[in-house]
Each structure stands twice: as structure tokens, then as C-alpha cells.
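**Student:**
2 protein chains.
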Amino acid sequence: MVNSISGPARERLLRLMRILEKSGEAPVTSAQVEQMTGWPSHTIRKDISFLGDGGHAVGSSNGYAPAALIPAIKKALGLDRRRRFCVVGLGRLGSAYLNDQSFDFGPSGEEEFELAAGFDTNVNRVEILKSPAPLYPAYKMGEVIRRFSIEMALLCVPPEAAQGAAEKLAAAGIRGIVNFAPVVLKLPPDMAVRNVYVADELRELAICIRSIE
Amino acid sequence: MVNSISGPARERLLRLMRILEKSGEAPVTSAQVEQMTGWPSHTIRKDISFLGDGGHAVGSSNGYAPAALIPAIKKALGLDRRRRFCVVGLGRLGSAYLNDQSFDFGPSGEEEFELAAGFDTNVNRVEILKSPAPLYPAYKMGEVIRRFSIEMALLCVPPEAAQGAAEKLAAAGIRGIVNFAPVVLKLPPDMAVRNVYVADELRELAICIRSIE
Numbered sequence: 001m002v003n004s005i006s007g008p009a010r011e012r013l014l015r016l017m018r019i020l021e022k023s024g025e026a027p028v029t030s031a032q033v034e035q036m037t038g039w040p041s042h043t044i045r046k047d048i049s050f051l052g053d054g055g056h057a058v059g060s061s062n063g064y065a066p067a068a069l070i071p072a073i074k075k076a077l078g079l080d081r082r083r084r085f086c087v088v089g090l091g092r093l094g095s096a097y098l099n100d101q102s103f104d105f106g107p108s109g110e111e112e113f114e115l116a117a118g119f120d121t122n123v124n125r126v127e128i129l130k131s132p133a134p135l136y137p138a139y140k141m142g143e144v145i146r147r148f149s150i151e152m153a154l155l156c157v158p159p160e161a162a163q164g165a166a167e168k169l170a171a172a173g174i175r176g177i178v179n180f181a182p183v184v185l186k187l188p189p190d191m192a193v194r195n196v197y198v199a200d201e202l203r204e205l206a207i208c209i210r211s212i213e
Numbered sequence: 001m002v003n004s005i006s007g008p009a010r011e012r013l014l015r016l017m018r019i020l021e022k023s024g025e026a027p028v029t030s031a032q033v034e035q036m037t038g039w040p041s042h043t044i045r046k047d048i049s050f051l052g053d054g055g056h057a058v059g060s061s062n063g064y065a066p067a068a069l070i071p072a073i074k075k076a077l078g079l080d081r082r083r084r085f086c087v088v089g090l091g092r093l094g095s096a097y098l099n100d101q102s103f104d105f106g107p108s109g110e111e112e113f114e115l116a117a118g119f120d121t122n123v124n125r126v127e128i129l130k131s132p133a134p135l136y137p138a139y140k141m142g143e144v145i146r147r148f149s150i151e152m153a154l155l156c157v158p159p160e161a162a163q164g165a166a167e168k169l170a171a172a173g174i175r176g177i178v179n180f181a182p183v184v185l186k187l188p189p190d191m192a193v194r195n196v197y198v199a200d201e202l203r204e205l206a207i208c209i210r211s212i213e
């Protein structure tokens, strides 16, 4: 189904889901969503119409009920099954994300994402680090990723190692990478990549500051 | 000038600047930009027209010359002067960003952003950690931020400490925060915030994967 929903509509549905999650049990009206996001009510209603029955059941004049709409959005966006991810590169950044508690953010404690493994070329690190998930030397990446059907990776290696590690992840069957290294990865077109460039965040912030001034 | 440029146009100009930076010295045509971004050529030309003289000077049938257009975009977006930032919270994540080499990304090595200080409530950490910038105990935040005119902060404290630390940063005169804690900060309307939620990156990635499938 997700293929029939446009990129911008997917982004809006994801953001709407976050708003609903933050609302707790209270219904959220399209007027409130409009106020928070700037999207016209008819756009919000149109996005929700993409959800099919799940959407129709929850839209009413009293607003959208989080308990009904969140699962409908998750289903439409393919977020309704748990996906496994790994952390590659266990320096400061990687080991921070190994122990991040922010992944468990579904209602009633259900996890959308499961940290399944961590990898580093430094065998000492792999042996010494504390981690809720098993850690492996990097040469076992292919084997472990396939065995546990790991789909996604947080790439936390130094910039000069990022392209090589990304290629190994692609060869091992990883489907998507969140790249924290400040480089542009060249990858096969069927791999999804999200870049987190802190320098770009600072730029965006500087632009926001300037526009507030 | 930046106030007269719309939010979406600012985002496009920023992305165009990244494309130009990656191009090195080679000119980039609007057709190439269209291919990479999906934006129609006339949108790109219109965005560049916002740059005023700087834009007119660089648009030609041979494409946009990075050496001329990058400074014009920087000026229009207010990225043409160096801004100071600090890191707040020096656990694994914060200490990773203390030693991040990705901030120096201007042409010819000029730095857009200067890491001016790090702060932590743990005085031991402040004394022991290696850092290219001076580190201070958290109670000195207000004094140091004012003394060095620090404008931005990377907020790397645990989730339960984030709101309190953000309020202290606001009181100290910080203008913008990149928030890495998985919480929604409540801040005065004149503060700019960018949130880096790794769980949301995984969600976006999962949606991308699904749409490629």
C-alpha cells in the first residue's frame, strides 16, 4: 500500500503519528494539527483517506483518536512489524547508541525496532564494552546480519571508513543505513540512506536563528 | 535579507549549496540540480534570484559556478560569519561531538562553526576528558555562554535532564539548540530547535525501505 502514498504524504503521516503519540489518549482535531504544522485541514483529511478503512474509522467531528489512528498509520507506512537493526562502529558515538533508551517508543511498551547486534573492527572493544545486544568483530558482519535478518544499520565509523563499511553492509543484505559519518555514501539504488550530519543541523539552526532575528 | 526568503526556498538553497560544495570547482547546471533533487529548473532559478546581485553574477548558460554561488548563498542565509556553539552533556554522545571533525567543512578550511565550550554536571568528567575546547562544570554555563557569545548548543544530556538544561541554556542567551534527547523541549518562541531523534530516523528509513520493496 505504501507505494500509492506520495513521499510528502508519508512524511506528513509520520509527523501526524508523532503528534498523536504525544497527545496521549486525547483526540486531536484537524484544526489543532493545522495550527501545529501549518498544513490545511483538507490536506490532513486527504492524507488520512489514504489509510483506507483504518482512516475512515477514526476521523470524526470530535477529532482523531490516537488509539485508533496510530495503528492505521503504522500499518499504512509499514511500521507495524518489528525490524532489527545493528550499530556499526563502537567508538563514542556508536557505543552511545548501543545504550540509547529512545528506541522503545511504541504505545504499551511494544518495540518497533530491536537492537540485534553491534560490530567493530577493534576486537578489544567488542570484548570490553557493555551492551544490551551481542557484539561481534566486524569480520562477522555478513554472517550475523544474515542469520538474524537484520535490516537496518546505524553507521558510526570514522569518515574514512564509512564507504567501505557501507559496502560491506550492502553486500550482507542490509536494506537501510542511518549514516552519521560526514560523507556522502555511494550505494546501490535499492539501499535506503538517511544522513545525520551535525554540521548541517548547525547550519539549519543558524538559518532559523537568522529568520527569528 | 533572509526574512524575505521563504522556509522552503531556504531549505532548497541550503541543499543547493551542499550540491555545489560536493561538485568542487565544476559548474553545476540547473538540469543537473533538477535531476538530483526533482525541483523544476524555474524553481531553482527563482530561488537564486532571491540572492540578488550575488545570484545574477553566477547564473549563466554554462551552469552555476560553485566558487561564486556558494558565498552568495551563505550571505543570503546568514552563514557568512562564524558562529560559536557548545556541547552540553559530556557522556558518550556529547564527548563524541566534542571530538567531531565534521564541523570544518567550508572551502579552503574556513570554519563556519567554532566549538567554544563543553559543559557537564559531573566535575570529574570535565577534568578528565580530552577536548579541543575548554570544558566547564555546568554551573558556569550562564557565565561562559555570555562571556564568549556562544549562540548554539548541542544538547546531549539524558532525556530526564534535557528540559532543565534547555531552560538554563535559554536563560543564558543561547539562540538555538540541536536536541539529541528523545523528548520534546518546551522553549520560548524566539529559540530555534532542531531535533535529532534516532528512533525517528529509523522510522523514516523503514518507510523508505518499504517504498523501495
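Sequences listed follow chains Y and U, in order.
Residues in the first sequence are numbered from 1 upward in steps of one, following my numbering.
Residues in the second sequence are numbered from 1 upward in steps of one, following my numbering.
Cβ coordinates follow ideal geometry from the N, Cα and C atoms, glycine included.
Taking only beta-carbon positions, decide if U/Ile209 is within less than 8 Å of chain Y.
**Tutor:** The sequence position of residue 209 of chain U within the second sequence is 209, counting from 1. Yes, its Cβ sits closer than 8 Å to a Cβ of chain Y.
**Student:** Specify the secondary structure class of U/Asp100 as computed by DSSP and reduced to three states.
**Tutor:** Within the second sequence, numbered from 1, the residue matching residue 100 of chain U stands at position 100. Note: U/Asp100 maps to coil in three-state DSSP.
**Student:** Alpha carbons only, please: which of Y/Glu111, Y/Val88, Y/Arg146 and Y/Glu112 is nearest the one belonging to Y/Val126?
**Tutor:** Translated into the one-based positions of the first sequence, residue 126 of chain Y becomes position 126. With distances taken between Cα atoms, Y/Val126 lies closest to Y/Val88.
**Student:** Any beta carbon of chain U sitting closer than 8 Å to that of Y/Ala119?
**Tutor:** In the first sequence, counting from the first residue as 1, residue 119 of chain Y sits at position 119. According to the sequence provided, residue 119 of chain Y is Phe. The question's Ala does not apply to it. Output row for Y/Phe119: interface = no.
**Student:** Any C-beta of chain U sitting closer than 8 Å to the C-beta of Y/Phe85?
**Tutor:** Reading the first sequence from its first residue, position 85 is the one you call residue 85 of chain Y. For Y/Phe85, the answer is yes, since a Cβ of chain U falls inside 8 Å of its Cβ.
**Student:** Pull up the distance between the alpha-carbon of U/Met141 and that of U/Pro158, whole angstroms please.
**Tutor:** Taking the second sequence and counting its residues from 1, the one referred to as residue 141 of chain U is at position 141. Taking the second sequence and counting its residues from 1, the one referred to as residue 158 of chain U is at position 158. Near 17 Å, if we compare the C-alpha coordinates of U/Pro158 and U/Met141.
**Student:** Nearest to U/Ile174 by CA position, among U/Ala199, U/Arg147, U/Val198 and U/Tyr197, is which residue?
**Tutor:** Against the second sequence, residue 174 of chain U aligns to sequence position 174. Per the Cα distances, U/Arg147.
**Student:** Using beta carbons (cut-off 8 Å, strictly below), is Y/Leu115 in contact with chain C?
**Tutor:** Looking for chain C here will not work: the only protein chains present are Y and U.
**Student:** Within its chain, find whatever has a CB closer than 6 Å to the CB of Y/Ala26; leave out the 5 residues flanking it on each side and keep chain order.
**Tutor:** On the first sequence, residue 26 of chain Y is found 26 positions in, with the first residue counted as 1. Closer than 6 Å at the Cβ level, and outside the excluded window around Y/Ala26, lies no residue.
**Student:** Using the Cα positions of Y/Gly291 and Y/Arg45, report the straight-line distance between them to the nearest angstrom.
**Tutor:** Since the first and last residues shown for chain Y are 1 and 213, residue 291 of chain Y lies out of range.
**Student:** According to the neighbour-count rule (16 or more other Cβ atoms, all chains shown, within 10 Å of its Cβ), is Y/Glu204 buried or exposed?
**Tutor:** In the first sequence, counting from the first residue as 1, residue 204 of chain Y sits at position 204. Buried.
**Student:** State whether the stretch 75 to 87 of chain U contacts the stretch 28 to 41 of chain U, with contact taken as three or more CB pairs (one from each stretch) at a distance under 8 Å.
**Tutor:** Output reads no: the stretch 28 to 41 of chain U does not touch the stretch 75 to 87 of chain U.
**Student:** What does Y/Ser149 touch in chain U if you count any residue whose Cβ is under 7 Å from its own?
**Tutor:** The residue labelled residue 149 of chain Y in the question sits at position 149 within the first sequence. Near Y/Ser149 there are no residues of chain U at all, since even the closest Cβ is about 13 Å away, more than 7 Å.
**Student:** Please identify the residue among U/Ser211, U/Glu143 and U/Met152 whose C-alpha is closest to the C-alpha of Y/Ala199.
**Tutor:** Numbered from its first residue, the first sequence carries residue 199 of chain Y at position 199. Comparing Cα positions, the closest option is U/Met152.
**Student:** Mind checking who U/Tyr64 pairs with in its DSSP beta bridge?
**Tutor:** Taking the first residue of the second sequence as 1, we reach residue 64 of chain U at position 64. U/Tyr64 is bridged to U/Val28.
**Student:** Should Y/Ser186 be labelled buried (16 or more other beta-carbon atoms within 10 Å of its own) or exposed?
**Tutor:** The residue labelled residue 186 of chain Y in the question sits at position 186 within the first sequence. The sequence shown places Lys at residue 186 of chain Y, not Ser. Looking at its Cβ environment, which holds fewer than 16 other Cβ atoms inside 10 Å, Y/Lys186 is exposed.
**Student:** Using a Cβ cut-off of 8 Å (strictly closer), state whether U/Lys22 contacts chain Y.
**Tutor:** Here the question's residue 22 of chain U lines up with position 22 in the second sequence. By this cut-off, U/Lys22 is an interface position.
**Student:** Closer than 8 Å, CB to CB, is Y/Ala96 near chain U or not?
**Tutor:** By 1-based counting over the first sequence, the position of residue 96 of chain Y is 96. Yes, its Cβ sits closer than 8 Å to a Cβ of chain U.
**Student:** Out of curiosity, what's the CA-to-CA distance linking U/Tyr64 and Y/Lys168?
**Tutor:** Counting from one through the second sequence, the residue named residue 64 of chain U turns up at place 64. Counting from one through the first sequence, the residue named residue 168 of chain Y turns up at place 168. Rounded to the nearest angstrom, the two C-alpha atoms are 36 Å apart.
**Student:** Could you check if U/Glu11 is buried or exposed, using at least 16 other CB atoms within 10 Å of its CB as the buried criterion?
**Tutor:** Start at 1 with the first residue of the second sequence, and residue 11 of chain U comes out as number 11. Exposed is the call here.
**Student:** The alpha helix (DSSP H) that contains U/Asn122, what's its start and end?
**Tutor:** Reading the second sequence from its first residue, position 122 is the one you call residue 122 of chain U. Here U/Asn122 belongs to no alpha helix (DSSP H), and DSSP marks it neither H nor E.
**Student:** Strictly below 7 Å CB to CB, what residues from chain Y border U/Asp100?
**Tutor:** Position 100 of the second sequence, counting from 1, holds the residue named residue 100 of chain U. Here the neighbours are Val198.
**Student:** Under the three-state reduction of DSSP, which class applies to U/Glu114: helix, strand or coil?
**Tutor:** The residue labelled residue 114 of chain U in the question sits at position 114 within the second sequence. Correct three-state label for U/Glu114: strand.
**Student:** Exposed or buried, what is U/Glu143 when buried is set at 16 or more other beta-carbons lying within 10 Å of its beta-carbon?
**Tutor:** Walking along the second sequence from the start, residue 143 of chain U turns up at place 143. Flag for U/Glu143 reads exposed.
**Student:** I want to verify the contact list: residues of chain U whose CB lies under 8 Å from the CB of Y/Gly176, in sequence order.
**Tutor:** In the first sequence, counting from the first residue as 1, residue 176 of chain Y sits at position 176. Those within 8 Å of Y/Gly176 in chain U are Leu205, Ala206, Cys208 and Ile209.
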